[in-house]
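Undergrad: In the numbering used here, the protein residues as written are 1006 to 1121. Note that beta-carbon positions come from the ideal geometry of N, C-alpha and C, so glycine has one too. Predicted, not measured: the structure shown is a model, and the values here were computed from it. Take this structure first; my questions come after.
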């Protein structure tokens, strides 16, 4: 679907939902096997939306489309989030639009990797 000027490249997350922070903490238990930083601080989780019924939709990316764990990472994210109390279901969607870039990393990730 083509982007219109002014459209957000990344859909906003449900940051006000009470499950948002516990889900972020769950994401922080998942690591890219090639980089010693969790996937949330790496900036690989673009969006976490949560319905009133506890249905979680995640849009994420990888550092590169050819990442060796491309087929496994969405399952790791879902497995980390599903045990969070109040979560009914987790659906993880992979995207490469926009493409991941080092500017998406948190300050903690940049520090850990020696970029600060």
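Grab the span of the beta strand (DSSP E) containing residue 1096 for me, first residue to last.
TA: Position 91 of the chain shown, counted from the start, is the residue given in the question as residue 1096. Per DSSP, residue 1096 belongs to the beta strand (DSSP E) from 1094-1099.
Undergrad: Sort out for me which residues DSSP pairs residue 1068 with in a bridge.
TA: Position 63 of the chain shown, counted from the first residue, corresponds to residue 1068. BP columns for residue 1068 are empty, so no partner.
Undergrad: By Cβ distance below 7 Å, which residues in the same chain neighbour residue 1089 in space, the five residues on each side in sequence not counted?
TA: Translated into the one-based positions of the chain shown, residue 1089 becomes position 84. The residues are 1024, 1027, 1028 and 1031.
Undergrad: Return the first residue and the last residue of the alpha helix (DSSP H) that residue 1025 is part of.
TA: Counting from 1 along the chain shown, the entry for residue 1025 is found at position 20. Residue 1025 -> alpha helix (DSSP H) spans 1025-1032.
Undergrad: For residue 1036, which beta-bridge partners are listed by DSSP?
TA: As a first step, residue 1036 is located in the chain shown; it is residue number 31 there, counting from the start. The partner list for residue 1036 (beta bridge, DSSP) reads 1043.
Undergrad: Is residue 1101 buried or exposed, if buried means 16 or more other CB atoms sit within 10 Å of its CB?
TA: Here residue 1101 is taken as the residue at index 96 of the chain shown, counted from 1. Flag for residue 1101 reads exposed.
Undergrad: Taking only three categories from DSSP, how would you classify residue 1082?
TA: Position 77 of the chain shown, counted from the first residue, corresponds to residue 1082. In this structure, residue 1082 counts as helix in the three-state DSSP scheme.
Undergrad: For residue 1015, does the count of other Cβ atoms within 10 angstroms reach 16, so buried, or fall short, so exposed?
TA: Residue mapping note: residue 1015 aligns to position 10 of the chain shown, counting from 1. So residue 1015 ends up on the exposed side.
Undergrad: Between which residues of its own chain and residue 1006 is the CB-CB distance below 7 Å, once the five residues before and five after are set aside?
TA: Start at 1 with the first residue of the chain shown, and residue 1006 comes out as number 1. Its pLDDT being 47, under 50, residue 1006 is placed unreliably in this model, and the value from its coordinates should be taken loosely. Result list for residue 1006: empty, nothing under 7 Å.
Undergrad: For residue 1021, report the span of its alpha helix (DSSP H) as first-last.
TA: One-based indexing of the chain shown puts residue 1021 at position 16. Run containing residue 1021: none; DSSP gives neither H nor E here.
Undergrad: What is the residue span of the beta strand (DSSP E) that residue 1015 lies within?
TA: Locating residue 1015 in the chain shown gives position 10, where the first residue counts as 1. Note, residue 1015: premise wrong, no beta strand (DSSP E); not H, not E.
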